[in-house]
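With mature numbering (1 follows the signal peptide of the UniProt record, and there is no 0) applied, the sequence shown corresponds to residues -17 to -1, 1 to 124, in that order. Idealized CB from N, CA, C, for every residue including glycine. Bear in mind that the values here come from a model prediction, so they are computed numbers and not experimental data. What follows is a single structure, written as structure tokens, with notes after it.
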Amino acid sequence: MTLNVVTVMMLVIGINCFNIDTNNVVNILGPEGTHFGYSAVMFSNEDSQNWVVVGAIKANFTNNQNIKSPGNIFKCKLNFTQSTHDTCKPMDIRTNDNIRWPDLPGYEEDDELLGASMAIFDDTIITCAPLWKNMIPLRSS
């Protein structure tokens, strides 16, 4: 019944559609099996170079292979005269693996989905790892 109502409404109201440009496609290639392209944001730097930051929620950090599929983000320079890009570089968003916050006894980064969502404000890239786990021990009474 609901499908019939929706179909009639679409016919009566009319639907306007459009296609995204399919003639000038740019393919950005990343590591297979990492969900490369799960999220993406574009920006231009001060030299007017075009870039895209791409989330790959199952990628591994380049500086720590002991963490299971934490995710990563990649910075890719865009060149609209080429149809395929494979020059994306992983962004090292961790400053030092050996330093932990003093009030945080531990955290878990396995399967944290780093790069699940991203935004750019001014010159700052913000990324999310929704399954990052803060390991706070229970206090005994």
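Margin query: Between which two residues does the beta strand (DSSP E) holding valine 24 run?
Written below: 19 to 27
Margin query: Within 10 Å of its beta-carbon, does serine 52 have 16 or more other beta-carbons around it, so buried, or fewer, so exposed?
Written below: buried
Notebook entry, point to check: What residues in its chain sit with their C-beta under 7 angstroms from that of leucine 12, if we drop five residues either side in the sequence?
Noted result: Thr67, His68, Asp69
Next item on the list: Could you please give the first and the last residue of the uninterrupted beta strand (DSSP E) stretch that includes valine 35?
Entry: 33 to 39
Next item on the list: Under 7 angstroms Cβ to Cβ from glutamate 91, same chain only, skipping five residues before and after it: list those, please.
Entry: Lys116, Met118
Next item on the list: Would you decide whether glycine 16 is buried or exposed? Buried here means 16 or more other CB atoms lie within 10 Å of its CB.
Entry: exposed
Check: What are the start and end residues of the beta strand (DSSP E) that includes phenylalanine 63?
Finding: Here phenylalanine 63 belongs to no beta strand (DSSP E), and DSSP marks it neither H nor E.
Note to self: Starting from isoleucine 109, trace the beta strand (DSSP E) in both directions and tell me its first and last residue.
What the structure shows: 107 to 110
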